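This report concerns only the one structure given below.
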């Protein structure tokens, strides 16, 4: 049965409304699915990051790597652990003498340039613990130093060389000589307290003439004469 025109409009309107309702419903469905999917991704990422964050929070600040002192020395002194240029700073890490002494370095050597690499690093570790890396403000940055200084074993103290006795220069001090003393056969016998210039003056002779006349007895140093030597005057 054909519908009246009025009914036909009503039917198109109802169809339009129905279609719109279907569209809105489909849109809401897609929106809900997208929200759930995004939430799942965020939740998964959070679950992954949480253990990493806990590990990072639990990890203590580490010490610098063991090569940091060599890098600082390379910057400070070109890596020369025995350097002494006369500028008041010594060794590979350029210690001032006062700092070296204050932190126990003189147990190894008078100044840092006389100590071994390991001994210098042992003292540097004490300095870093007290002053931080700022004790080497430029070169520690260049070396990438951070955290504490790497632990080092206490090095053994090296035996300090004993000072050699100085050769005596006056006849009254005498002493043992490495070479046998030549006595000579001159007319004057050297006595304790004598010097070549005093003997020459007493005989009215320039000391150089006395020395030249007795070079084979006195030797290369005119300041060294010994009691018992007989000189030609």
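In my numbering, the protein residues as written are 14 to 246.
Where is the CB? At the ideal position from N, CA and C, for every residue including glycine.
Only a predicted model underlies this, so the values are computations on that prediction, with no experimental measurement involved.
Is residue 12 helix, strand or coil by DSSP?
Since the first and last residues shown for the chain are 14 and 246, residue 12 lies out of range.
Helix, strand or coil for residue 240, going by three-state DSSP, please let me know.
Three-state result, residue 240: coil.
Span of the alpha helix (DSSP H) holding residue 165?
Per DSSP, residue 165 belongs to no alpha helix (DSSP H) and is neither H nor E.
Going by DSSP, what residues sit across from residue 97 in a beta bridge?
DSSP lists 103 as partners of residue 97.
Distance check for residue 110 and residue 160, CA to CA, integer angstroms please.
Going from the Cα of residue 160 to the Cα of residue 110 covers about 26 Å.
Can you list, in chain order, the residues of its chain whose CB lies under 8 Å from that of residue 39, leaving out five sequence neighbours each side?
For residue 39, the pLDDT reaches just 45, beneath the cut-off of 50, and the residue's location in the model is therefore unreliable, leaving the point undetermined.
Residue nearest to residue 197 in terms of C-alpha spacing, selected from 243, 234 and 232:
Comparing Cα-Cα distances from residue 197 to each of 243, 234 and 232, the minimum goes to 243.
Quick one: give me the first and last residue of the alpha helix (DSSP H) that residue 116 is part of.
Bounds of any alpha helix (DSSP H) do not take in residue 116, whose DSSP letter is neither H nor E.
Identified DSSP bridge partners for residue 109:
Answer by DSSP bridge pairing, in chain order: 102.
Measure the C-alpha to C-alpha separation of residue 118 and residue 125 and round it to an integer number of angstroms.
If I take the Cα positions, the gap works out to 7 Å.
If I follow the unbroken alpha helix (DSSP H) through residue 142, where does it start and stop?
Per DSSP, the continuous alpha helix (DSSP H) segment holding residue 142 begins and ends at 130-144.
Tell me, please, which residues DSSP counts as bridged to residue 202.
Answer is 243, bridged to residue 202.
Given this structure, state the Cα-to-Cα distance separating residue 138 from residue 166, to the nearest angstrom.
Cα to Cα, residue 138 sits roughly 11 Å from residue 166.
Whose CA, out of 85, 201 and 120, lies closest to the CA of residue 216?
Nearest of 85, 201 and 120 to residue 216, Cα basis: 201.
For residue 57, count neighbouring C-beta atoms within 10 Å of its own C-beta (all shown protein chains included) and say buried if the count is 16 or more, exposed if not.
A caution first: residue 57 carries a pLDDT of 45, below 50, which makes its placement in the model too unreliable to give a value.
Buried or exposed: residue 144, going by 16 or more other Cβ atoms within 10 Å of its Cβ?
By the neighbour-count rule (16 or more Cβ atoms within 10 Å), residue 144 is not buried but exposed.
From 208, 151, 149 and 157, residue whose alpha carbon lies closest to that of residue 231
Closest in C-alpha terms to residue 231, from the list 208, 151, 149 and 157, comes 208.
When you compare only the Cα positions, how much space is there between residue 188 and residue 229?
At residue 188 the pLDDT is 47, less than 50, meaning the model places this residue with poor confidence; the figure from the coordinates comes in the next sentence. A direct Cα-to-Cα measurement between residue 188 and residue 229 gives close to 19 Å.
Backbone secondary structure at residue 153 - three-state DSSP
In this structure, residue 153 counts as helix in the three-state DSSP scheme.
Would you identify the three-state DSSP class for residue 159, choosing helix, strand or coil?
When secondary structure is reduced to three states using DSSP, residue 159 falls in the coil class, being assigned neither helix nor strand.
With a Cβ-Cβ cutoff of 8 Å, do residue 92 and residue 78 count as a contact?
Result no, Cβ atoms of residue 92 and residue 78 do not sit closer than 8 Å.
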